[in-house]
Structures are given as C-alpha cells and as structure tokens.
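> Sharing a structure with you now.
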Amino acid sequence: MQRPKVRWCDLPKELWQMIGKLLESRIDVLRFRSVCSLWRSAIPALEQTATPPLPLRFPHSGAEPPAVIFQNTVYRMQSLIDDDPNDSQPCLVKFEESNSGEMRLLHPITNWQVRYSITPSIKEFNLLDFRIVELAKLYTLKYAYTKIDVTYVNKVVVVPCNRVNLGEDFLIL
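When you line the sequence shown up against UniProt numbering, it's residues 1 to 173, in that order.
Right under this line is the structure:
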C-alpha cells in the first residue's frame with residue numbers, strides 16, 4: 001500500500017525554516033523560493049557577501065575604455081524529466097548575473113552568450129526540472145560599455161583579504 005504524497009508546501013513550517021537556514025548557494029535559494037509563496041516569504045534572496053560588489057569598475061587611464069569585473073558561475077545541470085534518455089545527460093552551463101538579477105546563459109568554454117535554448121522547445125528554464133550543482137565561480141574582466149572580454153587579461157583572481165591579512169575586503173589579481 002502506497003503512502004499518500006505530501007506536497008512540499010504542506011511540510012511543517014519548522015522543517016522548511018530549518019532547510020532555508022542551511023542554504024548557501026544562490027541557485028539553492030532560488031529553487032527553494034520557487035516552491036510556493038510561503039517558502040518565498042520564508043527567506044530573503046541570498047545576498048552575495050563573499051565577493052566584492054559586482055560589477056566592479058576598474059580604474060582606467062583614458063587611453064582605453066573603462067573595464068568592469070563580472071562574476072560567472074559554472075553549473076552541472078541534468079534534467080529530472082525522463083521524456084527522452086538523451087535529455088537526461090548532464091551538461092555544463094555558465095551563467096552571468098546582472099545587477100537586476102537577470103541571468104545570461106554563456107557557453108562554458110568560449111564565454112559567448114548562448115542565444116538559443118538547450119532544447120528548441122524550451123524558452124526558459126524551470127530550475128525545479130533540473131538537478132543543478134554549482135561547480136565554480138569565475139571572474140572576467142570586460143569593457144564596461146560593450147561587455148566584451150578584455151582580450152589581454154586571461155585570469156582574474158579575487159581573494160578575500162581576511163585570508164592574507166591586508167586590512168581590505170578583497171584583493172584582485
């Protein structure tokens with residue numbers, strides 16, 4: 001005899017409040033808040049405290065346009081819908097988030113914006129339909145006006161200064 005299924009929204013308040021307090025990544029908070037309006041009001045959107053305020057403007061001499069540091073996040077994404085066995089294969093995706101919270105899908109290797117869906121019939125992602133694991137946070141230096149990568153910069157490293165005792169919040173290499 002099967003037990004009746006309980007909807008996520010019907011879980012005891014104490015349980016979903018405990019779950020909400022344990023969420024650390026932005027994607028987990030987004031998924032949690034998307035379950036229902038009760039859960040959305042239970043916890044605020046995750047503030048990014050472990051990174052400098054982004055996009056971060058870089059000083060420039062005037063010879064070149066100003067540059068800005070952006071944060072990208074790489075995820076392993078796998079469909080939870082079993083319509084087609086090929087659709088359930090995991091893939092790497094990279095997202096860049098704007099100040100407004102809008103996310104751009106980028107090719108994980110070239111950093112080019114992906115303007116089409118992973119599958120043509122899907123125009124937007126419902127994050128509840130995917131198993132998503134955050135793999136890495138990356139930083140890129142782009143020109144402020146065009147959002148094009150600065151070609152002569154290969155890597156941007158952001159280090160919390162409490163790890164190196166410099167007295168500032170962040171060190172950018």
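Think of the CB as a built atom: it goes at the ideal place given N, C-alpha and C, for glycine as much as any other residue. Model, not experiment: these values are computed from the prediction.
Could you tell me the alpha carbon to alpha carbon distance between W16 and R131, rounded to whole angstroms?
Near 19 Å, if we compare the C-alpha coordinates of R131 and W16.
> Once DSSP output is grouped into helix, strand and coil, what is the label at D28?
Three-state DSSP puts D28 in a helix.
> Give the range of the beta strand (DSSP E) segment to which L141 is assigned.
Its beta strand (DSSP E) spans residues F130 to Y143.
> Between the C-alpha atoms of S34 and M103, what's the straight-line distance to the nearest angstrom?
Looking at the two C-alpha atoms, the distance is approximately 16 Å.
> Give me, in chain order, the residues of the same chain whose beta-carbon lies closer than 6 Å to that of Y97; leave out the 5 immediate sequence neighbours on both sides.
The question names Tyr, yet the displayed sequence has Glu at residue 97. For E97, where only same-chain residues beyond five positions count, the Cβ hits under 6 Å are M103.
> Could you check if W39 is buried or exposed, using at least 16 other CB atoms within 10 Å of its CB as the buried criterion?
W39 should be labelled buried.
> Within the same chain, show all residues whose beta-carbon is closer than 8 Å to that of I27, passing over the 5 residues directly before and after it, in chain order.
Excluding positions up to five away in sequence, the list reads T73, Y75, L127, I132 and E134.
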